[in-house]
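Per the working numbering, residue 19 is the first one in the sequence shown, and the count goes up by one each step.
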Amino acid sequence: MASDSAKARTNVYDTITAKIIAAVEANPGDPVMPWQRGGFSPTLPVNATTHQPYRGINILSLWVSALDHGYQSGEWATLKQWNAVGAHVRKGERASPIVFYREIEIKGEPAADTGGDGEAEVRRMARGYWVFAAEQVDGYTPATALPPNPVERIAAAEAYFAATGARVIVGGSRACYRPATDTIYMPDEARFIGKDGRTRTDAWYRVLSHETSHWTAPSHRLDRQLGKRFGDDQYAMEECIADTAACFVCARLGIAGEPHPDHARYIHHWLKVMKADSRAIFAAAAKAQEVVAYLDGLQSSAGQQRAA
Numbered sequence: 019m020a021s022d023s024a025k026a027r028t029n030v031y032d033t034i035t036a037k038i039i040a041a042v043e044a045n046p047g048d049p050v051m052p053w054q055r056g057g058f059s060p061t062l063p064v065n066a067t068t069h070q071p072y073r074g075i076n077i078l079s080l081w082v083s084a085l086d087h088g089y090q091s092g093e094w095a096t097l098k099q100w101n102a103v104g105a106h107v108r109k110g111e112r113a114s115p116i117v118f119y120r121e122i123e124i125k126g127e128p129a130a131d132t133g134g135d136g137e138a139e140v141r142r143m144a145r146g147y148w149v150f151a152a153e154q155v156d157g158y159t160p161a162t163a164l165p166p167n168p169v170e171r172i173a174a175a176e177a178y179f180a181a182t183g184a185r186v187i188v189g190g191s192r193a194c195y196r197p198a199t200d201t202i203y204m205p206d207e208a209r210f211i212g213k214d215g216r217t218r219t220d221a222w223y224r225v226l227s228h229e230t231s232h233w234t235a236p237s238h239r240l241d242r243q244l245g246k247r248f249g250d251d252q253y254a255m256e257e258c259i260a261d262t263a264a265c266f267v268c269a270r271l272g273i274a275g276e277p278h279p280d281h282a283r284y285i286h287h288w289l290k291v292m293k294a295d296s297r298a299i300f301a302a303a304a305k306a307q308e309v310v311a312y313l314d315g316l317q318s319s320a321g322q323q324r325a326a
């Protein structure tokens, strides 16, 4: 039989779900992310250790990688170069390809009609290298790093997320969960903004709750489908689940008693992508409750380990 506290939490989740549906049906407009992305400024990428700019096709290659992953520094280096300056590429980070050309001389054959010496032929030979952005390493501060402006933390919330055991890396301008490395990435704290009655702290935990919800999706956790490509129906539903779960987690932690308008805007956007109506939120809410129950269960496991 469910405990009174569990019933109370379910009632809270039902209330939040109803408020989300009402807000979504009111057509809340386009979503606004609660941090400053800063945009992508296509400055010339440079080598972080030699300070030499990259050239030719390497500029385009590194611009694409920077845009795809939200890297802002424009500084890159090989694994060996990072190690040489005391920096360390984080485990699981993926390198970006570049290519260098060098000229070599190839001795030609003597001309048949003269018997003279062959002339040296100059050829350009390409060799590929792999580089990592400054945002992918520890022990190095990019020249473009934002000045520190830490978000005020909440002790109970910090303990809650720490108990999950999720790996969280802070830096850059994007928030995401990467299944390949099983890692949550959060933007620099200085990028978070307060808006519409929500503090920077509220914004931080809303985004962290959202990405931690995605973290529960793999098969060894709750086994949800993340979608095969950006914007397909499974991807859109997972976004609705994660943002609904973020509402529940924030309510669970006493950070926000009801959903912020940005939740409704975000969920409304993905419902439009799926061409679904507000009733789809009920399915998302059911999965979101599973997310919170799973995260709550990790709190119990962490407590038992500390007591052992």
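Every residue gets a Cβ at the ideal spot worked out from N, C-alpha and C, and that includes glycine. From a predicted model like this one, the values you see are computed outputs, not experimental measurements.
Review point. If we ignore side chains and look at the alpha-carbon of each, how far apart do R112 and A40 end up?
Key: 42 Å
Exercise for review: Put T201 into one of helix, strand or coil per three-state DSSP.
Suggested key: strand
Exercise for review: Kindly provide the ranges of any alpha helix (DSSP H) runs that are 4 or more residues long and lie completely inside the region 54–106, ordered along the chain.
Suggested key: Restricted to the region 54–106, the alpha helix (DSSP H) segments that are unbroken, complete and at least 4 residues in length are 75–87, 97–102, listed in chain order.
Review point. With respect to the alpha helix (DSSP H) encompassing V225, which residues constitute its N-terminal and C-terminal limits?
Key: 218–233
Practice item. Spell out the partners DSSP gives D156 in its beta bridges. Key: H106
Check your understanding: Whose CA, out of V103, A184, F179, lies closest to the CA of D156?
Key -> V103
Review point. What is the C-beta distance between Y178 and L289, in whole angstroms, given that I count them as a contact (C-beta under 8 Å)?
Key: Their Cβ separation, rounded to whole angstroms, is 29 Å, which puts Y178 and L289 out of contact at 8 Å.
Check your understanding: What residues in its chain sit with their C-beta under 8 Å from that of R247, if we drop five residues either side in the sequence?
Key -> Y253
Exercise for review: Kindly give me the distance between the Cβ atoms of I273 and I172, rounded to whole angstroms, as I take these residues to be in contact under 8 Å.
Suggested key: 7 Å
Point to revise | CA-to-CA distance, E121 to T132, given in whole angstroms | key: Annotation note: pLDDT 44 at T132 (below 50); position unreliable, coordinate value reported separately. A direct Cα-to-Cα measurement between T132 and E121 gives close to 28 Å.
Point to revise | 7 Å CB neighbourhood of V18 in its chain, flanking five on each side removed | key: No answer is possible for residue 18: it lies beyond the span of the chain, which begins at 19 and ends at 326.
Practice item. For V186, name the three-state secondary structure that DSSP assigns. Key: strand
Check your understanding: Would R145 pass as a contact of V107 if the rule is Cβ separation under 8 Å?
Key -> no
Point to revise | Distance between E139 and A129 (C-alpha atoms, nearest Å) | key: Note that A129 has pLDDT 43, beneath the 50 cutoff, so the model's placement of it is unreliable and no number is given.
Review point. My guess is that E229 and C194 are in contact by the Cβ rule of under 8 Å, so how many angstroms apart are they, rounded?
Key: 7 Å
Point to revise | Selection from H232, T33, Q317 that minimises the alpha carbon distance to G183 | key: Ranking H232, T33, Q317 by Cα distance to G183 puts Q317 first.
Practice item. Flag this pair as yes or no: are the beta carbons of A105 and N65 separated by less than 8 Å? Key: At least 8 Å separates the beta-carbon of A105 from that of N65.
Review point. Which residue or residues does DSSP assign as beta-bridge partners of V149?
Key: S114
Review point. Quick one, which of L62, A221, D241, D86 has its alpha-carbon nearest I75's?
Key: Closest in alpha carbon position to I75, among L62, A221, D241, D86, is L62.
Check your understanding: Are A17 and E256 touching if we call contact CB-CB under 8 Å?
Key -> Residue 17 lies beyond the stretch modelled for the chain, which goes from 19 to 326, so this question has no answer here.
Review point. What first and last residue would you give for the beta strand (DSSP E) that runs through R196?
Key: Taken as a continuous stretch (DSSP letters only), the beta strand (DSSP E) holding R196 covers 194–196.
Practice item. Note the first and the last residue of the continuous alpha helix (DSSP H) segment covering F266. Key: F266 -> alpha helix (DSSP H) spans 251–270.
Check your understanding: Taking DSSP as the reference, what is the three-state secondary structure of A301?
Key -> helix
Check your understanding: Any idea what DSSP makes of I122, helix, strand or coil?
Key -> Of the three classes helix, strand and coil, the one that applies to I122 here is strand, per DSSP.
Check your understanding: Quick one: is A36 buried, meaning 16 or more other Cβ sit within 10 Å of its Cβ, or exposed?
Key -> exposed
Practice item. Assuming W148 contacts P115 (C-beta within less than 8 Å), just tell me the rounded distance between them. Key: Correct: roughly 6 Å between the Cβ atoms.
Practice item. Counting only the same chain and skipping the five closest in sequence on each side, list residues whose C-beta sits under 7 Å from that of V186. Key: Short of 7 Å from the beta carbon of V186, and not among the five residues preceding or following it, lie these beta carbons of its own chain, in chain order: I202, M204.
**Study point:** Neighbourhood of L244 by C-beta, 6 Å cutoff - its chain only, sequence neighbours within 5 removed
**Key:** Beyond the five residues adjoining it in sequence on each side, L244 comes within less than 6 Å, by CB distance, of A235, E256 in the same chain, given in chain order.
Exercise for review: Can you grab the Cα-Cα spacing for the pair E153 / H69, in whole Å?
Suggested key: About 16 Å.
Check your understanding: Relative to the alpha-carbon of T67, which residue among L226, L97, T33, W81 has its alpha-carbon at the smallest distance?
Key -> L97
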